[in-house]
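The next block holds one structure in the form of structure tokens; read it before the comments.
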Ligand code: GLU
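Numbering (the numbering used here), first residue to last: 115 to 559.
Laid out in structure tokens, this is it:
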């Protein structure tokens with residue numbers, strides 16, 4: 115059997131870090147099992163679904179390296195839902211109801227007032243044909259509910275939550291279709307999961323109660339029930355995800371120079387018993403992916419952790435990974451020079467400018483200026499090569515007696531305009547002889 119998972123966003127907005135995590139886990143699980151990963155666009159809501167969000171969702175997944183094997187859209191499947199709905203109707207598993215939102219609200223309040231759970235009382239099932247005709251004559255339109263089977267307990271073994279047990283009598287028959295004929299989420303999703311051969315449904319634990327209902331829908335169609343994995347929700351450091359990076363989508367991550375590999379490495383591991391590690395090669399994360407490592411407690415998303423992980427990831431990226439985003443003249447050697455100094459890729463230009471110039475004018479004491487005079491004339495006598503820094507500084511040490519910081523710092527300041535930065539022995543050959551002599555001259559003039 116081919117493992118098949120799906121990610122089913124509604125294109126009513128941009129993906130945020132919580133959806134991205136769900137998408138990622140579905141994709142990783144399919145990958146790990148040589149299965150397929152489907153992108154299903156839940157666009158039944160015609161007014162709220164927007165084509166720009168469809169495009170953005172595809173683009174965001176691609177940026178993360180998540181490539182669906184196939185794509186489906188619910189808006190293209192209304193005929194199918196209609197046919198399946200007719201089947202449930204013929205089998206007596208759906209029924210019309212006419213209560214208004216206010217009437218339902220009142221019922222709930224009364225139940226709660228009596229200390230009872232607010233479960234729909236199935237009053238609509240008792241309506242006679244005459245009463246229905248009367249309501250329709252008043253201009254009322256039916257919405258439709260799925261009739262749960264109270265005699266069949268709902269059980270499944272969740273891949274994350276373990277054994278789950280629901281008494282259907284304690285659930286309301288869900289509304290599956292509105293007065294205007296439009297579909298709510300519950301039934302189309304089940305029909306799709308059946309038709310598209312979904313073997314594993316991976317989603318947030320806010321869907322656990324939906325799963326209980328949908329299991330009875332699978333049964334009503336005589337379909338195989340997929341496996342389920344409900345993951346604990348993602349929360350921010352302050353307990354919610356509304357602030358800072360957590361609320362941002364992919365465009366926010368890009369603006370802040372967060373690498374896709376960093377998002378993947380973090381979201382693959384938070385909330386699991388495996389440590390978050392700077393693993394830039396996604397296939398290694400896929401290999402280790404396992405629902406049994408997932409915890410039941412909410413996963414904490416921390417901006418700071420992401421920024422730190424991102425820095426570590428940048429430090430292991432190869433020239434090949436980044437070359438399209440580097441300044442034109444920057445070679446693999448240049449990348450290796452600059453890389454250890456980066457907090458994120460947004461700093462490449464600024465470090466590369468230290469090589470190519472112009473640089474800031476250093477502030478030097480008269481003693482250091484004298485020293486730099488000597489450094490300049492010494493450098494002029496040496497033959498230029500990759501070992502130039504070592505040769506030059508050894509010589510200067512002999513000549514001046516300077517060592518350590520007092521030897522190296524004025525040179526660094528004169529050559530880079532900064533008092534910290536990349537390894538000078540790697541940097542000096544890249545700066546080049548002429549530019550180096552020019553900078554020394556400029557520093558002492
Ligand atoms: N469109 C639904 C949502 O975004 C899909 C839920 C599911 O995975 O079944 O919540």
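Quick reminder that beta carbons are idealized off the backbone N, C-alpha and C, glycines included.
(request) Report the rounded CA-to-CA distance for residue 357 versus residue 349, giving the unit in angstroms. (result) Unreliable positioning characterises residue 357 in this predicted model, as indicated by a pLDDT of 48, which lies under 50. A coordinate reading is not provided.
(request) Look at the alpha carbon of residue 274 and the alpha carbon of residue 195, and state the distance between them as a whole number of angstroms. (result) Using only the alpha carbons, I get a separation of about 30 angstroms.
(request) List the DSSP bridge partners of residue 318. (result) Paired residues: 345.
(message) I'd like to confirm the pairing. Which residues does DSSP put opposite residue 272 in its beta bridges?
(response) In the DSSP secondary-structure assignment, residue 272 is bridged to 276.
(message) Assuming residue 205 is part of the beta strand (DSSP E), what are its boundary residues?
(response) According to the DSSP assignment, residue 205 belongs to no beta strand (DSSP E), since it is labelled neither H nor E.
(request) Tell whether a beta-carbon distance below 8 angstroms holds between residue 299 and residue 256. (result) Not in contact: residue 299 and residue 256 (Cβ atoms no closer than 8 angstroms).
(request) Could you tell me whether the segment 396–416 touches the segment 197–213, using the rule of 3 or more Cβ pairs below 8 angstroms? (result) With the rule of 3 Cβ pairs closer than 8 angstroms, the segment 396–416 does not count as touching the segment 197–213.
(request) Could you have a look at residue 221 and say whether DSSP puts it in helix, strand or coil? (result) Residue 221: helix per DSSP, three-state reduction.
(request) May I have the straight-line CA-CA distance separating residue 376 from residue 536, to the nearest angstrom? (result) Distance between the alpha carbons of residue 376 and residue 536: 23 angstroms.
(message) Considering only heavy atoms of the ligand GLU and the C-beta of each residue, which residues fall inside 5 angstroms, strictly closer?
(response) Result (chain order): 122, 124, 156, 303 and 317.
(message) Beta-carbon within less than 7 angstroms of residue 448's beta-carbon, same chain only, minus the 5 sequence neighbours each way: which residues are those?
(response) Shown here for residue 448: same chain residues with a beta carbon closer than 7 angstroms to its own, the five before and five after excluded, namely 466, 469 and 544 in chain order.
(message) Going by DSSP in three states, residue 146 sits in which element: helix, strand or coil?
(response) Collapsing the DSSP output to three states places residue 146 in a helix.
(request) Take residue 182 as the anchor and find which of 226, 118, 164 and 193 has the nearest alpha-carbon. (result) Taking only the C-alpha atoms, the option nearest residue 182 is 118.
(message) What does the alpha-carbon distance come out to for the pair residue 184 and residue 153?
(response) Straight-line Cα distance between these residues: approximately 6 angstroms.
(request) Note down the Cα distance separating residue 307 from residue 135, rounded to an integer number of angstroms. (result) C-alpha of residue 307 to C-alpha of residue 135: approximately 20 angstroms in a straight line.
(message) Relative to the C-alpha of residue 509, which candidate in 527, 526 and 490 has its C-alpha closest?
(response) Here the closest residue by C-alpha is 490.
(request) Check whether the Cβ atoms of residue 261 and residue 240 sit closer than 8 angstroms, and answer yes or no. (result) Result no, Cβ atoms of residue 261 and residue 240 do not sit closer than 8 angstroms.
(message) Under 7 angstroms: does the beta carbon of residue 473 sit that close to some heavy atom of the ligand MG?
(response) With respect to small molecules bound, the structure shown includes the ligand GLU and not the ligand MG.
(request) Would you mind reading off the limits of the alpha helix (DSSP H) that contains residue 540? (result) Secondary structure note for residue 540: its alpha helix (DSSP H) is the uninterrupted segment 538–545.
(request) Could you pull out every residue in the same chain whose Cβ sits closer than 6 angstroms to the Cβ of residue 170, ignoring the five residues on either side in sequence? (result) Taken in chain order, the residues that qualify are 128.
(message) So, at 7 angstroms on beta carbons, what are the nonlocal neighbours of residue 457 in its own chain, with the 5 sequence-adjacent residues on each side left out?
(response) Here the set comprises 425.
(request) Give the straight-line distance between the Cα atoms of residue 272 and residue 226, rounded to the nearest whole angstrom. (result) A straight-line Cα-Cα distance of about 31 angstroms links residue 272 and residue 226.
(request) Tell me the start and end of each unbroken alpha helix (DSSP H) in the segment 446–477 that is at least 4 residues and wholly inside, in chain order. (result) Those alpha helix (DSSP H) runs which fall completely within the segment 446–477 and span 4+ residues are 446–452 and 462–470.
(message) Using the three-state DSSP reduction, which class does residue 359 fall into: helix, strand or coil?
(response) The predicted position of residue 359 is uncertain, since its pLDDT is 48 and thus under 50; a value taken from the coordinates is nonetheless stated next. Reduced to three states, the DSSP call for residue 359 is helix.
(request) Return the chain-ordered list of same chain residues with a C-beta closer than 7 angstroms to the C-beta of residue 337, the five sequence neighbours on each side being excluded. (result) Excluding sequence neighbours, residue 337 sits near 308.
(request) Could you say which of 547, 238 and 427 lies nearest to residue 497 if we only look at CA atoms? (result) Residue 497 has its Cα closest to that of 547, out of 547, 238 and 427.
(request) Using a threshold of 8 angstroms, state whether the C-beta atoms of residue 420 and residue 372 are closer than that. (result) Closer than 8 angstroms, so yes.
(message) Does residue 264 pass the burial test, meaning 16 or more other C-beta atoms within 10 Å, or should it be called exposed?
(response) Label assigned to residue 264: exposed.
(request) Identify every residue that forms a DSSP beta bridge with residue 431. (result) Answer by DSSP bridge pairing: none, since residue 431 is not bridged.
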